[in-house]
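Read the structure below first, then the notes.
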Amino acid sequence: MKSTFLRLEYFTTGLALVVACFMLAVASSLGLYQIITRFIIERPAEWTEVLIRFSLIWMVFMGIPAAFRQGAMVSVDVVYRWSGPSARRVLDLVVCFASLVLMLVILWWGWDYSNRGKVQSVIGLEDVSMFWAYIAMPVGAVFSIIAIIGNYLDPKRMELETAQ
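Oh and the sequence shown: position 90 is 89 in numbering that gives the first Met the number 0, straight run, nothing missing.
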């Protein structure tokens with residue numbers, strides 16, 4: 000059961016990271032396009048600003064699961080280094096619980112906010128609902144919850160390995 004969940008978590012976290020990287024590429028490409036249209040062609044494309052903002056929102060919320068999975072999101076390095084093995088497991092449980100509570104709050108309110116944004120249109124893209132920007136919060140929260148549980152079951156402490 001644990002190995003099946005960890006395989007699922009590996010896939011979902013990898014998928015979230017691919018989406019985050021893609022959104023970074025979209026944001027940078029649109030930024031370059033915006034520079035070309037504004038300063039070279041002198042006919043700015045106002046819709047690019049909105050799409051850059053959307054892609055950056057998606058990039059952040061889809062990048063969070065990878066940070067949780069690497070153990071780099073909630074960092075309590077000093078306490079972790081000073082504690083023994085049993086205290087470390089308790090600390091892991093407390094951090095996992097606090098992170099899960101935060102993600103559940105983001106999931107709940109993000110879903111509510113997304114539904115409220117359905118009736119709101121995007122300035123510059125009047126045919127697009129704000130739902131598509133706001134839905135990044137609950138989607139990212141779901142991926143993060145899977146990554147948090149995966150990190151609790153199979154802890155990785157990338158920040159401790161690279162710290163001096």
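Glycine included, each C-beta is placed from N, C-alpha and C at the ideal position.
Keep in mind that this is a model prediction, so the values were computed, not measured.
Asked	Found
Residues near Y32 by beta carbon distance below 8 Å, same chain, minus five either side	A44, T47
Whole-angstrom distance between D153 and W131, CA atom to CA atom	33 Å
Sufficient close CB pairs (3 or more, under 8 Å) joining the stretch 3 to 23 to the stretch 57 to 64	yes
First through last residue of the alpha helix (DSSP H) which encompasses V118	That residue, V118, is in no alpha helix (DSSP H); it is neither H nor E in DSSP.
CB of N150 within 8 Å of CB of F67, strictly	yes
Nearest-angstrom Cα separation, counted from Y112 out to A140	14 Å
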